[in-house]
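K.L.:
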Amino acid sequence: QSALTQPPSASGSPGQSVTISCTGTSSDVGGYNYVSWYQQHPGKAPKLMIYEVSKRPSGVPDRFSGSKSGNTASLTVSGLQAEDEGDYYCGSYAGSNNLVFGGGTKVTVL
Amino acid sequence: QLQLQESGPGLVKPSETLSLTCTVSGGSISSSTYYWGWIRQPPGRGLEWIGSIYYSGSTYYNPSLKSRVTISVDTSKNQFSLKLSSVTAADTALYYCARRIGDYINYWGQGTLVTVSS
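Line by line, the protein sequences are chains G and W.
Note that my numbering has the first sequence beginning at 1, numbered continuously upward.
Note that my numbering has the second sequence beginning at 1001, numbered continuously upward.
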């Protein structure tokens, strides 16, 4: 299984929106509605932000939203805040009880 | 509150076997709801799924690592373990243990850095 493809970086000013893409194949992203997104701050463990394409765990602000079309999933952060700066990783179910992750996107709040 | 804590040597020699243990507290590893897994992150790079285990002992490995990986569980100690054989410098990474529910990870350990060097 190959890593999912994410842009290396994305940025936006406070209050604006930023969207991160995550491209896979029909064997992972496109084949299942099982895409998740994780936020990672420097020196910290990743934190689940979105699961099953668009569901938010308790405590995650509704500024974070997810979607999917074909083999590409997206995470949108609306109303950017300084604390949203960090690395974001997508993950997907890849069949046979395995997962695959993306290479990560560094989000900068300008 | 569930906590996962990785432990093991921080330095492993090339060609040897990397061994890590994850101790779970605040919850039972024998729950039928969850899988327990390992994920690694090479310095400055992205996440890589290594594999997971169910409390019954069923295992699922990343195909690219399958020939070198063994994950086991000890329900009496509420622990699960990772062994990665024939390591090289490419296996240098921050290793996380994690709790998986279905298709996503909802709890992560803090991670432990393992360096492969002679």
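Heads up, the beta-carbon is just placed ideally off N, CA and C, and yes, glycines get one too.
Looking at C-beta atoms only, is the number of pairs between the segment 1012-1019 of chain W and the segment 58-72 of chain G that lie closer than 8 Å three or more?
P.N.:
Touching, no, given that fewer than three Cβ pairs across the two stretches are closer than 8 Å.
K.L.:
Taking buried to mean at least 16 other C-beta atoms within 10 Å of its own C-beta, is Leu1002 (chain W) buried or exposed?
P.N.:
Along the second sequence, one-based indexing puts residue 1002 (chain W) at 2. Classification for Leu1002 (chain W): exposed.
K.L.:
Return yes when the Cβ of Thr1023 (chain W) is within less than 7 Å of the Cβ of Gln1119 (chain W), no when it is not.
P.N.:
Outside the shown range of chain W (1001 to 1118) lies residue 1119 (chain W), about which nothing can therefore be said.
K.L.:
Since Leu48 (chain G) and Pro57 (chain G) are thought to touch, with beta carbons under 8 Å apart, how far apart are those beta carbons, to the nearest angstrom?
P.N.:
Reading the first sequence from its first residue, position 48 is the one you call residue 48 (chain G). Reading the first sequence from its first residue, position 57 is the one you call residue 57 (chain G). Going by Cβ atoms, the distance from Leu48 (chain G) to Pro57 (chain G) rounds to 5 Å, so yes, they are a contact pair.
K.L.:
Hey, how far is the Cα of Gly12 (chain G) from the Cα of Lys1083 (chain W)?
P.N.:
Against the first sequence, residue 12 (chain G) aligns to sequence position 12. Against the second sequence, residue 1083 (chain W) aligns to sequence position 83. Approximately 42 Å between the Cα atoms of the pair.
K.L.:
Helix, strand or coil for Val53 (chain G), going by three-state DSSP, please let me know.
P.N.:
As a working note, residue 53 (chain G) is residue 53 in the first sequence. Val53 (chain G) falls in the coil class under three-state DSSP.
K.L.:
Per the DSSP calculation, Gly91 (chain G) is bridged to which residue(s)?
P.N.:
The count along the first sequence starts at 1 and reaches residue 91 (chain G) at position 91. BP columns for Gly91 (chain G) point to G:Ser36 and G:Phe101.
K.L.:
Considering only residues of the same chain and omitting the five flanking positions on each side of Gly1026 (chain W), which have a CB-CB separation below 6 Å?
P.N.:
Residue numbering aside, residue 1026 (chain W) sits at position 26 when the second sequence is read from its first letter. Only Gln1001, Leu1002 and Gln1003 meet the Cβ criterion.
K.L.:
Can you have a look at Pro14 (chain G) and say buried or exposed, based on whether 16 or more other CB atoms are within 10 angstroms of its CB?
P.N.:
The residue labelled residue 14 (chain G) in the question sits at position 14 within the first sequence. Exposed is the call here.
K.L.:
Consider the C-beta atom of Ala82 (chain G) and the heavy atoms of the ligand MG; say whether any pair is separated by less than 6 Å.
P.N.:
With respect to the ligand MG, the structure offers nothing, as it holds no ligand at all.
K.L.:
Evaluate contact between the segment 1102-1112 of chain W and the segment 1056-1064 of chain W, counting only Cβ atoms and requiring at least three cross-stretch pairs below 8 Å.
P.N.:
Short answer: they don't touch.
K.L.:
Drop a sphere of 10 angstroms on the beta-carbon of Glu83 (chain G), count the other beta-carbons inside from all chains shown, and report buried for 16 or more, exposed for fewer.
P.N.:
The residue given as residue 83 (chain G) occupies position 83 in the first sequence. Glu83 (chain G) comes out exposed.
K.L.:
Can you tell which of G:Ser78, G:Ser74 and G:Gly103 has its C-alpha closest to the C-alpha of Asp87 (chain G)?
P.N.:
As a working mapping, residue 87 (chain G) is identified with position 87 in the first sequence. Taking only the C-alpha atoms, the option nearest Asp87 (chain G) is G:Gly103.
K.L.:
Going by beta carbon distance, what residues of the same chain come within less than 6 Å of Gln1041 (chain W), once the five residues before and after it are set aside?
P.N.:
Translated into the one-based positions of the second sequence, residue 1041 (chain W) becomes position 41. So the qualifying residues of the chain are Leu1047, Ala1093 and Leu1094.
K.L.:
Short of 9 Å Cβ to Cβ, which residues in the segment 87-108 of chain G face chain W?
P.N.:
Here the close residues are Asp87, Tyr89, Gly91, Ser92, Tyr93, Ala94, Ser96, Asn97, Asn98, Leu99, Val100, Phe101, Gly102, Gly103 and Gly104.
K.L.:
Whose Cβ in chain G lies nearer than 7 Å to the Cβ of Glu1125 (chain W)?
P.N.:
The structure shown does not extend to residue 1125 (chain W), since chain W spans only 1001 to 1118, so no value can be given for it.
K.L.:
The beta strand (DSSP E) with Gln81 (chain G) in it runs from where to where?
P.N.:
Residue mapping note: residue 81 (chain G) aligns to position 81 of the first sequence, counting from 1. Counting along the chain, Gln81 (chain G) falls outside any beta strand (DSSP E), and DSSP gives it neither H nor E.
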